[in-house]
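Engineer: Position 79 of the sequence shown, counted from 1, bears residue number 123 in this note's numbering, the numbering being contiguous throughout.
From the three backbone atoms N, C-alpha and C, an ideal C-beta is built for every residue, glycine too.
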Amino acid sequence: MSLPPFSQRFEHECVYGSAIAPELFKSAIAFILDEGRYEPNYFLGQTVSHQWQTQKPHSYGALGVFIQELGEPWQAKPELPRFDQAKNKPIKYEAIKGNGSRAFLPAIPLKTWKRISQKHQIPLEAPWQEVLASQKTATRQASEENLSIDGSDFNSTLESSDLIRSNSQDALPATFKGFAPNSKINIRFSALRSLSELKGLSSEELKSALESAPDWLKVPDFWKFIEAHPEIPIIPTEGGKKSLCLLSHGYVAIALYGVRGGVLENETIGGEKVRRLKPELIPDLKRFAVPGRKITLAFDQDLKPKTVLEVNRALSRLGWVLQTAGCQVAVAEWDSSQGKGIDDLIVNQGAGAWEKALSEAVSFAQWAVSRQLAHEVRRKPDLNIGDREFVEVAAEL
Numbered sequence: 045m046s047l048p049p050f051s052q053r054f055e056h057e058c059v060y061g062s063a064i065a066p067e068l069f070k071s072a073i074a075f076i077l078d079e080g081r082y083e084p085n086y087f088l089g090q091t092v093s094h095q096w097q098t099q100k101p102h103s104y105g106a107l108g109v110f111i112q113e114l115g116e117p118w119q120a121k122p123e124l125p126r127f128d129q130a131k132n133k134p135i136k137y138e139a140i141k142g143n144g145s146r147a148f149l150p151a152i153p154l155k156t157w158k159r160i161s162q163k164h165q166i167p168l169e170a171p172w173q174e175v176l177a178s179q180k181t182a183t184r185q186a187s188e189e190n191l192s193i194d195g196s197d198f199n200s201t202l203e204s205s206d207l208i209r210s211n212s213q214d215a216l217p218a219t220f221k222g223f224a225p226n227s228k229i230n231i232r233f234s235a236l237r238s239l240s241e242l243k244g245l246s247s248e249e250l251k252s253a254l255e256s257a258p259d260w261l262k263v264p265d266f267w268k269f270i271e272a273h274p275e276i277p278i279i280p281t282e283g284g285k286k287s288l289c290l291l292s293h294g295y296v297a298i299a300l301y302g303v304r305g306g307v308l309e310n311e312t313i314g315g316e317k318v319r320r321l322k323p324e325l326i327p328d329l330k331r332f333a334v335p336g337r338k339i340t341l342a343f344d345q346d347l348k349p350k351t352v353l354e355v356n357r358a359l360s361r362l363g364w365v366l367q368t369a370g371c372q373v374a375v376a377e378w379d380s381s382q383g384k385g386i387d388d389l390i391v392n393q394g395a396g397a398w399e400k401a402l403s404e405a406v407s408f409a410q411w412a413v414s415r416q417l418a419h420e421v422r423r424k425p426d427l428n429i430g431d432r433e434f435v436e437v438a439a440e441l
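In structure tokens:
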């Protein structure tokens, strides 16, 4: 019995294993297929030898790609991951070469945006009205051109998506074009910047768009909306699936590659990498870090002492830089036996467990003090005085 395609397996992993809403999965994930010319390798920016028939690069199979709001790839999960010999484990996710430190800011479908707006009691604003109006215009135009599309299907399709499935390079975002010479690129979808672009399509192009559109509506500028509303809290976390999980439940989450991925600590001067005098937030995070905004750090709950120490150091840097920017920073923690990551916690214990962890999040200052005290308790004594009186050993200190 053969396995289902990787796209189906990854969708099942996200929807059932990470509690991601199906419409958000379709909005944020695309697929690159390997058709025999190492398309995934080119897509990741890796060098493929001209003698690839004999000097074979790694075969990734398909890639599940996390897509930014404007269509750029953020990170990819390979069907057949490479193996890290040093760490003795597979490399589950691949960054795109040359991307630098980026945060994951995916396109958000209407249903998810409404859920977030309702949770924070902020009504939909003017741009939405323009988009909805453009739908009606496109519907009228299609009707006038007598397209052979059933009316009910036509309306439900328009109301649920502005993406077009296509295998042609012309339909791909610019980032995806030309990465694999002389090869056909299979990508699951390409993003239209807004539904108003439907007005410029010919009747046949519009018909093709409507027949192949998924069952959801994606509208641009969600992250501009968040940027314009500092009263909306933000939750930085680690990994695309975790942020999509929280977004699915009405929380504004921003994924980083890892806990160290939110702060720029080095810069290149004269071709040499040097440490910055003052650490800075990456631009994708800095735009949201305004005075007064509540930001709750929610990263994996690790058990290995060495990993915990490294994560806490990175959390300290990230929290300090955010606090310096004027944000109200807190740290959320939970029992790791209930789930290592946020998505694990929600899948295993329900959304209520996350809501409890969020409500019990401590201020960054309190968290930092508790970590320092814990470190001092574990510290080796400078001097063991035994049963001697303090005055007897004071001179030795």
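Going by beta-carbon coordinates alone, are Phe408 and Leu353 separated by less than 9 Å?
Structural biologist: In the sequence shown, residue 408 corresponds to position 364, counting from 1. In the sequence shown, residue 353 corresponds to position 309, counting from 1. No, the Cβ-Cβ distance between Phe408 and Leu353 is not below 9 Å.
Engineer: Have a look at the DSSP bridge pairing and note the partners of Gly108.
Structural biologist: Here residue 108 refers to the residue found at position 64 when the sequence shown is read from its first residue. Phe75, Lys121.
Engineer: Ala139: which of Pro280, Pro49, Arg126 sits nearest, CA to CA?
Structural biologist: Start at 1 with the first residue of the sequence shown, and residue 139 comes out as number 95. If we check each option's Cα against that of Ala139, Arg126 comes out closest.
Engineer: How is Pro280 classed by DSSP in three states: helix, strand or coil?
Structural biologist: Your numbering for residue 280 matches position 236 in the sequence shown. Pro280 falls in the strand class under three-state DSSP.
Engineer: Drop a sphere of 10 angstroms on the beta-carbon of Ser62, count the other beta-carbons inside from all chains shown, and report buried for 16 or more, exposed for fewer.
Structural biologist: In the sequence shown, counting from the first residue as 1, residue 62 sits at position 18. With 16 or more Cβ atoms within 10 Å of its Cβ, Ser62 is classed as buried.
Engineer: Between which two residues does the beta strand (DSSP E) holding Ala297 run?
Structural biologist: Indexing the sequence shown from 1 puts residue 297 at position 253. Ala297 -> beta strand (DSSP E) spans 297-300.
Engineer: Would Thr281 and Leu300 be called neighbours here (beta carbons separated by less than 9 Å)?
Structural biologist: Looking up residue 281 in the sequence shown gives position 237. Looking up residue 300 in the sequence shown gives position 256. Yes; because the gap between Cβ atoms is below 9 Å, this pair is in contact.
Engineer: For Gln99, which of Gly105, Thr91, Ala106 has the nearest alpha-carbon?
Structural biologist: Within the sequence shown, residue 99 is the residue found at index 55, counting from 1. Ranking the options by Cα distance to Gln99, first place goes to Thr91.
Engineer: How about Ser360 and Ala401: do their beta carbons lie closer than 9 Å?
Structural biologist: In the sequence shown, the residue the question calls residue 360 occupies position 316. In the sequence shown, the residue the question calls residue 401 occupies position 357. No, Cβ-Cβ distance for Ser360 and Ala401 is not below 9 Å.
Engineer: Taking its Cβ as the centre, do 16 or more other Cβ atoms sit within 10 Å of Gly142, making it buried, or is it exposed?
Structural biologist: Against the sequence shown, residue 142 aligns to sequence position 98. Gly142 comes out exposed.
Engineer: Report the three-state DSSP secondary structure of Glu377 (helix, strand or coil).
Structural biologist: Position 333 of the sequence shown, counted from the start, is the residue given in the question as residue 377. DSSP places Glu377 in coil when its eight states are reduced to three.
Engineer: My understanding is that Gly385 touches Gln393, with C-beta atoms under 8 Å, so please give their C-beta distance in whole angstroms.
Structural biologist: Numbered from its first residue, the sequence shown carries residue 385 at position 341. Numbered from its first residue, the sequence shown carries residue 393 at position 349. With 8 Å as the limit, Gly385 and Gln393 do not qualify as a contact, their Cβ atoms being about 12 Å apart.
Engineer: Sorted by chain position, which residues of the same chain lie with C-beta nearer than 7 Å to Arg415's C-beta, five sequence neighbours on each side aside?
Structural biologist: As a working mapping, residue 415 is identified with position 371 in the sequence shown. Counting only Cβ-Cβ distances below 7 Å, and skipping sequence neighbours, we find Asn356.
Engineer: Are the CB atoms of Cys371 and Pro349 nearer to each other than 9 Å?
Structural biologist: Start at 1 with the first residue of the sequence shown, and residue 371 comes out as number 327. Start at 1 with the first residue of the sequence shown, and residue 349 comes out as number 305. No, Cβ-Cβ distance for Cys371 and Pro349 is not below 9 Å.
Engineer: Count the other CB atoms within 10 Å of the CB of Val318; is the residue buried (16 or more) or exposed (fewer)?
Structural biologist: The residue given as residue 318 occupies position 274 in the sequence shown. Burial call: exposed.
Engineer: Tell me whether the region 119-133 and the region 150-165 touch, counting them as touching only if at least three CB pairs, one residue from each stretch, are closer than 8 Å.
Structural biologist: With the cut-off at 8 Å, the region 119-133 and the region 150-165 do not touch.
Engineer: Taking 7 Å as the limit between beta carbons, can you name the residues of its chain near Gly105, skipping five residues before and five after?
Structural biologist: Along the sequence shown, read from residue 1 onward, the residue named residue 105 stands at position 61. These residues qualify, in order along the chain: Phe50, Asp78, Pro122, Glu123, Leu124.
Engineer: Compare the C-beta of Glu83 against all C-beta atoms of chain B and say whether one is closer than 9 Å.
Structural biologist: No chain B is present in this structure, which holds just one protein chain.
Engineer: With distance defined between alpha-carbon atoms, name the residue in Gln345, Phe75, Tyr137 nearest to Ser381.
Structural biologist: Working through the sequence shown from its first residue, we reach residue 381 at position 337. Residue Gln345 is the option with its Cα nearest to Ser381.
Engineer: Tell me the DSSP bridge mates of Arg319?
Structural biologist: For the purposes of this step, residue 319 is taken as the residue at position 275 of the sequence shown. According to DSSP, which records beta bridges pairwise, Arg319 is partnered with Asn310.
Engineer: I'd like the list of long-range same chain contacts for Asp387, defined as Cβ closer than 7 Å, with 5 residues on each side in sequence excluded.
Structural biologist: For the purposes of this step, residue 387 is taken as the residue at position 343 of the sequence shown. Excluding positions up to five away in sequence, the list reads Ser62, Ala63, Lys285, Lys286, Cys289.
Engineer: The alpha helix (DSSP H) spanning Ile390 covers which residue range?
Structural biologist: Residue mapping note: residue 390 aligns to position 346 of the sequence shown, counting from 1. That run of the alpha helix (DSSP H) goes 386-393.
Engineer: Can you look up Gly61 in the DSSP assignment and give me helix, strand or coil?
Structural biologist: The residue given as residue 61 occupies position 17 in the sequence shown. Helix at Gly61.
Engineer: Excluding sequence positions up to five away, which residues of its chain have a Cβ less than 6 Å from the Cβ of His293?
Structural biologist: By one-based count along the sequence shown, residue 293 stands at place 249. These residues qualify, in order along the chain: Ala395.
Engineer: Give me the DSSP bridge partner(s) of Gln165.
Structural biologist: Looking up residue 165 in the sequence shown gives position 121. Gln165 pairs with nothing; no bridge assigned.
Engineer: Sorted by chain position, which residues of the same chain lie with C-beta nearer than 7 Å to Gly302's C-beta, five sequence neighbours on each side aside?
Structural biologist: Position 258 of the sequence shown, counted from the start, is the residue given in the question as residue 302. The residues are Glu282.
Engineer: According to DSSP, simplified to helix, strand and coil, what is Leu329?
Structural biologist: For the purposes of this step, residue 329 is taken as residue 285 along the sequence shown, with counting starting at 1. Looking at Leu329 - three-state DSSP - the assignment turns out to be helix.
Engineer: Between the beta-carbon of Ile278 and the beta-carbon of Phe332, is there less than 9 Å?
Structural biologist: One-based indexing of the sequence shown puts residue 278 at position 234. One-based indexing of the sequence shown puts residue 332 at position 288. It is a contact, given that the beta carbons lie within the stated cut-off.
Engineer: Hey, Lys163 and Tyr60: beta-carbon distance below 9 Å or not?
Structural biologist: By 1-based counting over the sequence shown, the position of residue 163 is 119. By 1-based counting over the sequence shown, the position of residue 60 is 16. No.
Engineer: Please list, in chain order, all residues of the same chain as Ile298 whose beta carbon is under 8 Å from its beta carbon, the five residues on each side excluded.
Structural biologist: In the sequence shown, counting from the first residue as 1, residue 298 sits at position 254. Closer than 8 Å at Cβ, skipping near neighbours: Ala147, Phe148, Leu149, Ile278, Ile279, Pro280, Thr281, Ser287, Asp328, Leu329, Phe332.
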